[in-house]
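Working notes for the structure below.
Number of protein chains: 2
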Amino acid sequence: MRVLQTRCTDGFRSRCHWITRGGEDRAAAIRDRLRDAIVDRRLAPGTKLNETEVGALFDVSRTVVRAALQALTYEGLLTSERNRGAFVASPTPDEARHVFDARRLIEPGLVAAAIKRLGPSEIAAFRARLEEEDHVLHQTGPMARRAEINASGDFHLLLARVAGNAIIQRFMEELLARSSLVIALYGRSGASSCGHGDHANILAALEQRDAERASQLLVSHLDHIEADLDLRTKGSLPLREALGGRAG
Amino acid sequence: MRVLQTRCTDGFRSRCHWITRGGEDRAAAIRDRLRDAIVDRRLAPGTKLNETEVGALFDVSRTVVRAALQALTYEGLLTSERNRGAFVASPTPDEARHVFDARRLIEPGLVAAAIKRLGPSEIAAFRARLEEEDHVLHQTGPMARRAEINASGDFHLLLARVAGNAIIQRFMEELLARSSLVIALYGRSGASSCGHGDHANILAALEQRDAERASQLLVSHLDHIEADLDLRTKGSLPLREALGGRAG
DNA sequence: TTTGCCTAGATTGTATGCAATCTAAGCCCG
DNA sequence: CGGGCTTAGATTGCATACAATCTAGGCAAA
Chain A
1 MRVLQTRCTD GFRSRCHWIT RGGEDRAAAI RDRLRDAIVD RRLAPGTKLN ETEVGALFDV
61 SRTVVRAALQ ALTYEGLLTS ERNRGAFVAS PTPDEARHVF DARRLIEPGL VAAAIKRLGP
121 SEIAAFRARL EEEDHVLHQT GPMARRAEIN ASGDFHLLLA RVAGNAIIQR FMEELLARSS
181 LVIALYGRSG ASSCGHGDHA NILAALEQRD AERASQLLVS HLDHIEADLD LRTKGSLPLR
241 EALGGRAG
Chain B
1 MRVLQTRCTD GFRSRCHWIT RGGEDRAAAI RDRLRDAIVD RRLAPGTKLN ETEVGALFDV
61 SRTVVRAALQ ALTYEGLLTS ERNRGAFVAS PTPDEARHVF DARRLIEPGL VAAAIKRLGP
121 SEIAAFRARL EEEDHVLHQT GPMARRAEIN ASGDFHLLLA RVAGNAIIQR FMEELLARSS
181 LVIALYGRSG ASSCGHGDHA NILAALEQRD AERASQLLVS HLDHIEADLD LRTKGSLPLR
241 EALGGRAG
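Respectively, the protein sequence lines represent chains A and B.
By UniProt numbering, the letter at position 179 of the first sequence is numbered 179, and the numbering carries on one by one without gaps.
By UniProt numbering, the letter at position 151 of the second sequence is numbered 151, and the numbering carries on one by one without gaps.
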């Protein structure tokens with residue numbers, strides 16, 4: 001209780017304004033912040049995450065940063081090379097297809113499980129989510145698309161949560177985060193990457209407890225998203241990454 | 001090249017005989033060793049893994065041990081409590097059911113994917129695996145059952161590998177490791193936890209490219225394994241764990 | 001005897017220092 | 001002028017020191 005203010009709590013230390021919740025787990029907090037930044041695409045694939053730099057940003061030592069980076073590496077959001085450091089992952093087209101294959105494999109089962117546990121409160125949660133999507137969709141601007149993709153993922157995440165299996169839920173969280181990376185890399189800006197109507201239709205099928213139909217809708221929804229990607233291996237992409245990252 | 005032999009290389013230091021591969025990743029090596037020990041049930045659920053102790057065992061510093069423990073925690077094989085340490089996970093009955101629910105959800109999809117990529121070499125690999133199972137099955141003794149369970153898991157793992165999706169494969173690896181924990185906790189020693197004939201039948205269906213039948217066989221195989229568990233919440237189990245773990 | 005507090009030891013969380021490795025700029029040589 | 005080598009700086013891997021916290025045992029009071 002004494003030494004804690006060595007770290008922060010005085011407002012003008014200018015960094016740390018967020019982490020450093022007294023006794024909480026700071027590595028986890030940093031991990032979450034970095035993950036948000038990655039799935040929100042504020043950190044582009046290929047970006048290097050320098051341990052010292054990140055540490056300075058959050059005002060913690062490299063020890064803590066390394067724990068956060070290791071966790072994200074395990075989640076597949078970073079790739080780390082020995083003695084070289086950690087980089088925001090840039091999935092290959094094959095890996096991108098694997099992500100969507102995995103989702104097509106898992107999510108229909110999720111539908112079946114979710115229907116069994118679907119009560120009024122769950123339906124209400126789904127409706128609230130759709131409204132949120134609607135809200136986001138009517139906005140414009142640079143970060144509107146970011147929010148749109150996030151909101152879209154949240155629908156699928158809610159499906160996983162309703163299914164009520166913590167393990168599968170974590171798998172889905174990982175798959176959704178990876179999806180965000182894939183869309184960041186291969187998404188064609190022109191097309192709306194995640195049709196909003198799809199979600200509404202899926203929910204309708206869920207409410208009717210029509211697992212078969214909901215699954216079909218879900219799968220074609222995923223097909224649709226994947227079709228909007230440009231997964232051809234163009235020579236420029238590996239090059240751009242070989243150049244060492246970042247958007248600029 | 002100079003400092004390395006500070007660590008090991010002289011035979012009578014009595015520890016280190018295995019880790020410390022020059023430039024390799026020692027945390028990963030320790031992680032793998034610990035995981036083997038857990039899924040082989042040499043480390044019982046609830047066992048505490050003391051950082052200093054593990055470090056002394058492998059002759060590395062706590063820094064490296066912590067990385068290994070963090071990885072295993074992420075995989076769900078350990079649970080770690082802040083300021084208290086890491087323990088071999090002991091899944092609750094609910095979590096145990098979640099493991100098998102997840103496998104029932106994923107493995108049928110695995111069958112479908114595997115059949116698409118099933119060639120002569122894959123079939124040969126399956127046959128070799130079954131022979132290995134046979135071999136293990138005919139052995140007796142204390143560690144025969146351990147090997148049996150391991151071999152059984154390997155069949156499912158091979159299925160995941162043949163399916164050719166690295167992400168799903170990793171999910172399956174995690175689920176199989178957790179299955180081993182669950183069986184360790186709730187398995188009834190009397191019943192053969194994983195019928196060997198089941199695998200042969202599944203393979204037969206795979207060879208006929210009958211995905212429907214293979215899936216059905218697989219699911220009832222999983223049902224069978226789960227049925228052999230005793231998932232009733234007996235008052236003694238939480239108590240025994242509250243007492244602080246270990247078998248004795 | 002039991003309950004509660006308190007202190008000493010053990011254990012984990014974090015920062016920091018040093019060695020190993022990588023990276024990039026400068027230099028020599030062709 | 002271009003290419004390979006060398007070296008200084010930057011960065012990661014690891015060990016260790018110290019701080020924060022937990023745990024266990026003893027002691028006193030009810």
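Glycine is no exception: its CB is placed at the ideal position from the N, C-alpha and C atoms.
Around the beta carbon of A/N83, fewer than 16 other beta carbons sit within 10 angstroms, so the residue counts as exposed.
About 5 Å separates the CB atoms of B/N165 and A/D101; that is less than 8 Å, so the two are in contact.
Residues of chain A with a Cβ closer than 7 Å to the Cβ of B/F171 are, in chain order, F171.
With distances taken between CA atoms, A/I30 lies nearest to A/A68 out of A/A68, A/T63, A/I115, A/S61.
Straight across, the Cα-Cα distance linking B/D36 with B/S180 is about 11 Å. In the DSSP annotation of this structure, A/S215 is not part of any beta strand (DSSP E); the continuous alpha helix (DSSP H) holding it starts and ends at 211-227. The straight-line gap separating the alpha-carbon atoms of B/R127 and B/G187 is approximately 27 Å. In the structure shown, B/T233 adopts coil according to DSSP, grouped into three states.
Along the segment 80-100 of chain B, going in chain order, the ones with a CB nearer than 8 Å to a CB of chain A are R82, E95, H98, V99. Taking a Cβ-Cβ threshold of 7 Å, none of the residues of chain A is close to B/D223; the smallest such distance is about 15 Å.
The beta carbons of B/V60 and B/R33 sit about 11 Å from each other, so the pair does not count as a contact at 8 Å. For B/Q216, not one C-beta of chain A is nearer than 8 Å to its own C-beta. Taking 8 Å as the CB threshold, B/Y186 stays off the interface with chain A. A/I106 and B/D228 have their alpha carbons spaced roughly 26 Å apart. Residue contact with chain A for B/I168: present (Cβ-Cβ distance below 8 Å to some residue of chain A). Setting aside the 5 residues that flank it on each side, A/E173 is surrounded in the same chain by L157, each with a C-beta closer than 7 Å to its C-beta; the list follows chain order. The beta-carbon of A/D25 is placed less than 8 Å from the nearest beta-carbon of chain B.
In summary, B/G119 is exposed, with fewer than 16 beta-carbon neighbours lying within 10 Å of its beta-carbon over all protein chains present.
Using beta-carbon distances, A/N165 counts as an interface residue toward chain B, with a partner under 8 Å. Minimum Cα-Cα distance from B/A177 among the listed residues B/A200, B/G197, B/H199, B/G153 corresponds to B/G153.
With its beta carbon at least 8 Å from every one in chain A, B/L157 lies outside the interface.
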